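In what follows, a single structure is set out as structure tokens and then discussed.
Residue numbers (my numbering): 34 to 151.
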């Protein structure tokens with residue numbers, strides 16, 4: 034899937050609404066569907082679907098997802114947080130994003146590895 038077609042799934046152009054109005058769980062779900070379930074009608078993906086057990090995600094796919102979280106949601110996932118319990122479901126990933134976002138915002142510093150620009 035191309036970056037352009039993936040981006041179109043994360044927007045509602047008919048409403049003029051950017052993807053940022055979606056919840057993190059919705060954005061993560063859209064990414065997983067676009068990247069790993071395109072053309073598959075046999076999987077109903079909700080916040081409790083076991084992504085690893087159903088082989089929707091594997092270790093390689095998790096690193097693509099980590100890149101998406103950083104690039105599109107602005108959340109840098111530390112290496113020590115990349116573990117099965119944090120990536121087993123859409124809900125677990127969304128909770129991780131929320132936790133990391135709160136931590137970065139709570140101390141007034143940009144997320145680790147990012148540079149604040151004036």
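Positions of the beta carbon are idealized from the N, C-alpha and C atoms, including for glycine.
Keep in mind it's a predicted model, so treat the numbers as computed, not measured.
Q.
I need the straight-line Cα distance from residue 124 to residue 91, nearest angstrom please.
A. Against the chain shown, residue 124 aligns to sequence position 91. Against the chain shown, residue 91 aligns to sequence position 58. Their Cα atoms are separated by approximately 17 Å.
Q) For residue 58, which of helix, strand or coil comes out of DSSP? A) The sequence position of residue 58 within the chain shown is 25, counting from 1. Residue 58: helix per DSSP, three-state reduction.
Q: Could you have a look at residue 73 and say whether DSSP puts it in helix, strand or coil?
A: The residue labelled residue 73 in the question sits at position 40 within the chain shown. Coil, per DSSP.
Q. Based on Cα-Cα distance, which residue from 96, 62, 68 lies nearest to residue 110?
A. The sequence position of residue 110 within the chain shown is 77, counting from 1. Of the residues 96, 62, 68, the one whose Cα lies closest to the Cα of residue 110 is 96.
**Q.** Backbone CA spacing between residue 58 and residue 102 [nearest angstrom]
**A.** In the chain shown, residue 58 corresponds to position 25, counting from 1. In the chain shown, residue 102 corresponds to position 69, counting from 1. Cα-Cα distance, rounded: 11 Å.
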